[in-house]
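Position one of the sequence shown corresponds to residue 117 (the working numbering), numbered consecutively onward. By construction, the Cβ of each residue, glycine as well, lies at the ideal position given by its N, Cα and C atoms. Keep in mind it's a predicted model, so treat the numbers as computed, not measured. For reference, the structure is listed below as structure tokens.
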Amino acid sequence: MKVKKIQADNMQQAMAMVREQLGRDAVLISSKKVDGRLEVLAASGYDVEQLSASVETPVATEPTAVQGPATERRSLKDFPFELLANIESEKEQLRRKEQVQEQEIKSHSRSLLDMQEELGRLRKLFEGEMAQLAWRESRDRQPNRMALLSRLELTGINHDLATQLVDKVLPCADLGEAWQKVIKMLLKTLKKPAPDPLQNGGVIAMVGATGVGKTTSAVKLAAEFARKHGRNQVGLITTDDLRVGQREQLLSLASSLGLSVQVAATGEELTQAMESFAERRLLIIDTAGVNQRQRDFEAQLATFLQGEREITPFLVLSATVQESVINETIRAFSRLRPAAAIVTKTDENISIGAILSSLIRYRLPVAYVGTGQMIPDDLVRADGEFFARKIRQSYRHAMAQVESRRKASA
């Protein structure tokens, strides 16, 4: 007897290979799927007992009550090839149909996604067109209102604040007069600053993000106070032990101006430094910028607010950063309850609207503004005239840029 395993892609192919290799009298014993292919076991020139042994057919250990007829072994010439071929053909057609349906589903999904994206683009285009139509209609009906809103937003004032200001001053027939009223209303909205520490003295802490100008502002304040009251009446403390460059900058500037400086890396050292400067009328603490360690230190600094000598925080903000960043900084330092803000680098940014919008939103008064690098002259007391002048400059600068772009595109 000859037994052979044959692998094929389907039953029809397997039967053909069996006939070819074992003859038409071969017997199909079993079939199964192996690694995605069809494996059949076939035999020729067989003996029933040998065949049973070769496929390890289990033998009953106990006789059954009724013995049926002997198992019939059919040769391949009796095998229903046509029926099997039809079954395999139907299975193949069903598989292909499922593949086609799967591809159609994927295609429909892509088409639906493309359609959704296109609808989104059309919606944005439509909304933009509607906004333009609404703007033009409002401009035609209320020309002064739209002109004032445009001017304020060109200076960096956010839309909500601009709308509130314009609605308070209108109606007003003359645009120029309305513009001056809006500026005055904006300045009235700013919260009045706390008393000037250069007049009253005390202990103030310069807090804020890294790189906003805390060290330079601290030295400017100290130098101005020393000029008015004497060098022995002011002391400087730096807590920035993380960045050697910043510490050395403060030490160098203070030395050139004849100012006394101490370094405090811990809360205990800060207490000791404050005690050593106890007789000074003004003590200025220059803190490090925001980082994980600094948050811990600020928590320690907050405890000194309830100490024997009160510490007044001043939040230093740069006029060169975006409104969202300014808002984030104000929120981060709000738990220190700063008495006022010191706005630096106003000479580096023509637009003043972003910083004003944030100060008004969080009702944070402004004590000083930095207008340059000169010590101490370029740190001045904040007043309405300064901000009014900056707003007008911002608007003229923005209009000049618009005109320049218009000429370039013509």
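| Query | Result |
| --- | --- |
| Cβ neighbours of I466 in the same chain (closer than 7 Å, five flanking residues each side left out) | Q509, S510 and H513 |
| Nearest to K336 (by Cα), restricted to the options L399, Q232 and L157 | L399 |
| Closest residue to L302 among D141, A338 and D499 (Cα-Cα distance) | D499 |
| Straight-line Cα distance separating Q489 from L268 | 29 Å |
| Pair within 7 Å by beta-carbon distance, V319 and I427 | yes |
| Helix, strand or coil at V437 [DSSP, three-state] | coil |
| V323, buried or exposed, once every other Cβ within 10 Å from all chains shown has been counted against 16 | buried |
| Rounded C-alpha distance that separates S160 from L210 | 34 Å |
| Short Cβ contact (7 Å threshold) for A456 with P309 | yes |
| Proximity winner among S372, S376 and K148, relative to Q349 (alpha-carbon distances) | S376 |
| Pair within 7 Å by beta-carbon distance, G82 and A404 | Here the chain comprises residues numbered 117 to 526, so residue 82 is not present and cannot be evaluated. |
| CA-to-CA distance, R140 to S146, given in whole angstroms | 17 Å |
| Limits of the alpha helix (DSSP H) - the one that G500 falls within | G500 to S525 |
| Same chain only: Cβ atoms within 8 Å of Q408, ignoring 5 sequence neighbours per side | Residue placement at Q408 is flagged as unreliable, the pLDDT there being 35, under the threshold of 50; the coordinate-derived value follows with that caveat. Here the set comprises nothing. |
| Coil, strand or helix - V328 by DSSP | coil |
| Backbone secondary structure at G346 - three-state DSSP | coil |
| Burial state of A516, where buried means 16 or more other Cβ atoms lie within 10 Å | exposed |
| Beta bridge counterpart(s) of R397 as assigned by DSSP | DSSP, once it has assigned bridges, lists no residue as partnering R397. |
| Nearest to R343 (by Cα), restricted to the options G374, G327 and N126 | G374 |
| The beta strand (DSSP E) enclosing A321, as first and last residue numbers | G318 to V323 |
| Coil, strand or helix - I299 by DSSP | helix |
| For Q123 and V134, the rounded distance between their alpha carbons | 10 Å |
| For A124, the three-state DSSP class (helix, strand or coil) | strand |
| Beta carbon of L352 nearer than 7 Å to that of A338 | yes |
| For E439 and S474, believed in contact at Cβ under 8 Å, the rounded distance | 6 Å |
| Sheet register partners of I353 (DSSP bridge) | Q378 and I401 |
| Anticipated Cβ contact below 8 Å, A158 with L144, distance rounded | 5 Å |
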